[in-house]
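In full-length UniProt numbering, the protein residues as written are 1 to 170. Beta carbons: idealized from backbone N, C-alpha and C, even for Gly. Remember, predicted model here, so these are calculated numbers, not experimental data.
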Amino acid sequence: MTTDERTAARPALLNRISPRGWYRTVAIAESITWTLLIAGMLLKYVAGLGSLPVLIGGSIHGFVFITYGMTAVLIGVNQRWSPARIVGAVATAIVPYATIPFDRWLERRGLLEGDWHLEATDDPRDQFWTRRFLRWMLNHPVTLIVTFVVGIAVIMTALLLIGPPGGWNR
Numbered sequence: 001m002t003t004d005e006r007t008a009a010r011p012a013l014l015n016r017i018s019p020r021g022w023y024r025t026v027a028i029a030e031s032i033t034w035t036l037l038i039a040g041m042l043l044k045y046v047a048g049l050g051s052l053p054v055l056i057g058g059s060i061h062g063f064v065f066i067t068y069g070m071t072a073v074l075i076g077v078n079q080r081w082s083p084a085r086i087v088g089a090v091a092t093a094i095v096p097y098a099t100i101p102f103d104r105w106l107e108r109r110g111l112l113e114g115d116w117h118l119e120a121t122d123d124p125r126d127q128f129w130t131r132r133f134l135r136w137m138l139n140h141p142v143t144l145i146v147t148f149v150v151g152i153a154v155i156m157t158a159l160l161l162i163g164p165p166g167g168w169n170r
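Structure below.
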């Protein structure tokens, strides 16, 4: 099968965005939402506008934070990153604006290069269950998207039930 035939045969959604494009978009969004959260905190604590700005900025940031974490795992598995690198990618979301330099670091090392891995190769890592599961999900993009959205909703709901960071000190 030629490259053109493979591109035509794969799910249309995967033709529109590469692993690199998806990761980069969410990494930038995660940094932008840090700005929203920090601005909300300034409006609350410096301008005295109450907790609404933090609620809004924090909710948006929380949603994108979770999305970034799940994206880092998805792209990390697709790109065959080590578990330590995947954990490191997720951890960059904890530090304000760290996803951008980490993205640049990945880019310089070519760790975002390549396409979606829809088929197994001779690489021994392709035999792990995580890679088989990823290939199945990539070949069923609607299921992937629904699972991704449900995962975000479940995690966000659990975190909202636990309460905001520092909420126990009030």
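Cut-off 6 Å between Cβ atoms - residues of its own chain near residue i, not counting five sequence neighbours on either side
i: T92; result: A98, T99 and F102
i: residue 172; result: Outside the displayed range of the chain (1 to 170) lies residue 172, so it cannot be described from this structure.
i: I28; result: none
Chain-order list of residues whose beta-carbon lies under 7 Å from that of residue i (same chain, five-residue window excluded)
i: W22; result: T71 and I75
i: V77; result: T130, R131 and L134
i: L159; result: G62
i: G50; result: K44
Beta carbon of residue i nearer than 7 Å to that of residue j
i: V95; j: G69; result: no
i: G62; j: G40; result: no
i: R125; j: R80; result: yes
i: I152; j: T67; result: yes
i: L138; j: W116; result: yes
Element boundaries [alpha helix (DSSP H), containing residue i]
i: V90; result: P83 to A91
i: G62; result: L52 to N78
i: I94; result: Taken as a continuous stretch (DSSP letters only), I94 belongs to no alpha helix (DSSP H), as it is neither H nor E.
i: G21; result: P19 to Y45
i: L118; result: Note, L118: premise wrong, no alpha helix (DSSP H); not H, not E.
i: R132; result: W129 to L138
i: P124; result: Note, P124: premise wrong, no alpha helix (DSSP H); not H, not E.
i: G151; result: P141 to I162
Close beta carbons around residue i, own chain, < 8 Å, minus the five adjacent residues each side
i: E119; result: R135
i: V150; result: none
Pick from the options that is closest to residue i, judged by C-alpha positions
i: L36; options: V146, F65 and L144; result: F65
i: R16; options: P141, D123, P83 and S59; result: P141
i: I60; options: I32, T121 and Q127; result: I32
i: P19; options: L55, V73 and P53; result: V73
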